[in-house]
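Input: a single structure, listed below in structure tokens.
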Amino acid sequence: MKEKSHGFLSKYGMLFSEINIRKNIDLFISEMNKGLAGNTSSLKMLPTYIEFGRKSDRLKPVIVMDAGGTYLRSAVVNFNKNSVPVISKVTKSIMPGVRNPSTKEEFFNAIFNNVKKVLNESDRIGFVFSYPIEIMPDMDGRLIKFTKEVRAPEVEGEKIGANLLAVMRNNGFLSNRKIVLLNDTVALLLSGTLAFASRKYAGYIGFVLGTGMNACYVEKNSNIKTLSGKNCAPDGLQLINIEAGNFSKGPAGKIDELYNKRTLDPLAARLEKLFSGAYLGGLALELLKTAAGEGMFSDRICSLFDKLQKLESREIDSYLNYPPADSIFKDFLDAMTEEDKVLIYFLLDALIERAAVISAIVIASAILKSGSGCSPCEPVCVIAEGSSFYNMKNFKSRLDCYLNNALNIRGQHYF
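Structure below.
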């Protein structure tokens, strides 16, 4: 059955073992260099204007906000005497534009309503905005484009911080406040420097694999030709938001391309559509329908897959942790032959293994581009998180294996 599933995936250019890791790392780093130079590239390589290694005042409380792929959160963070963050007054709501289309006014009003209860706690606001944003020298961010199927087109091109401050003032919050915009992957990297401050690392990589996928690393200012409006020392370092999910030269197969055409924006997020949480369920359904169309399953299962309209990524995790619980597959079990069950398992498992290969390519490219990790005594710290990262069966162990192999291809590097 495994050979049958792998033969099918190979036919459609989607078999993990046929991905040329060295070639894809070279392509990824080439796009990174183009983006840093300001040339046409699928990787935006967005400067953050966050100086690496800069000390911050931890004695004052900070309002924190997080606009993710599904939820919007706000809270207050204080640091105790041991520099351990204490989080309080958490508010959680649905991200505007996820369930229904949102206008600009509705979008920013929804954000204000989420955070208004804590606005008197601090005049400093850190806003983690998990979508492609161009960071300005004043630390505000202009939204480039929504991903993860969020529908709020009027917000694209707008300054997030400035618009939110305007809504606050219109609602009576008149004191001066500072909003710093940053990407979730950037925030993750910064959290790693704090969490592992006692350990000596040569560099840091942030990697998020949840609803979407992205990576962040530390780059020399002298290599960033797109800096503007702020005096950045050439010998200084700052964090770069790669916007890795938009890489357009990745190992996509025929079924990937078929599924991509059904998404809201086929030209955007080409790489993350291969394996991130917002898309993996839809891709798996496209895969299973194609296999059913070729008669790879029993007649009854082929008929059921033909009628199936939606598959969530979490249902893949449920099936691979067999037997499936609270999953659409649970209703199929009585109709499945043993061969059906095993074949479906191997097809879905191969998508997870491909996710590990592609993730290794992204992380290895960031490590190699940073030039760090050549000594086992000073490795690179990879800080990774995300629902898909934690929940996909056998993903982390496979990623570790493929990442070691990927780094060995280009000379030994340590993480």
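Residue numbers (this note's numbering): 2 to 416. Note that beta-carbon positions come from the ideal geometry of N, C-alpha and C, so glycine has one too.
Here Pro377 has Tyr415 as same chain residues with Cβ atoms under 6 Å from its own Cβ, once five neighbours each way along the sequence are excluded. Per DSSP, reduced to three states, the secondary structure at Thr186 is helical. Distance between Cys217 and Ser131, taken at the CA atoms: about 12 Å. In this structure the region 360-367 does not touch the region 189-202; the number of beta carbon pairs closer than 8 Å is below three. When secondary structure is reduced to three states using DSSP, Ile126 falls in the strand class. Counting every other CB atom within 10 Å of its CB across the protein chains shown gives Leu60 a total below 16, marking it as exposed. Counting only runs that start and end inside the region 230-282, the alpha helix (DSSP H) elements of at least 4 residues fall at 255-261. Residue pairing by DSSP places Cys375 opposite no residue, since no beta bridge is assigned to it. The Cβ atoms of Leu195 and Val219 do not sit closer than 9 Å to each other. With a contact defined as Cβ atoms closer than 8 Å, Glu155 and Thr71 miss out at about 21 Å. Sixteen is the threshold: since fewer than 16 other Cβ atoms of the shown chains lie within 10 Å of the Cβ of Tyr391, the residue is exposed. Thr338 counts as exposed, since fewer than 16 other C-beta atoms from the protein chains shown sit within 10 angstroms of its C-beta.
A direct Cα-Cα distance of roughly 16 Å separates Lys90 from Asp124. The beta carbon of Ile95 is closer than 8 Å to those of Thr71, Tyr72, Leu73 in its chain, skipping five residues each way along the sequence. For the options Val77, Val381, Lys93, the alpha carbon positioned closest to that of Pro86 is the one of Val77. Pairing Ile243 with Lys93 gives a Cβ-Cβ distance that is not under 9 Å. With 16 or more other CB atoms across the displayed protein chains lying within 10 angstroms of its CB, Asn115 is buried.
Taking a C-beta distance under 9 Å as the contact criterion, Ala292 and Leu344 qualify as a contact pair. Proximity to Ile241 across Ile180, Lys250, Lys370, Val65 peaks at Lys370, based on C-alpha coordinates.
Collapsing the DSSP output to three states places Arg411 in coil.
Listed in chain order, the alpha helix (DSSP H) elements of length 4 or more contained wholly in the region 22-84 are 22-38.
Counting the other Cβ atoms within 10 Å of the Cβ of Cys382 gives 16 or more, which makes it buried. Taking a cut-off of 8 Å for Cβ pairs, the region 326-342 and the region 265-276 do not touch, as fewer than three such pairs fall below it.
For Asn115, the enclosing alpha helix (DSSP H) covers residues 105-116. For Leu165, the enclosing alpha helix (DSSP H) has its first and last residue at 161-171.
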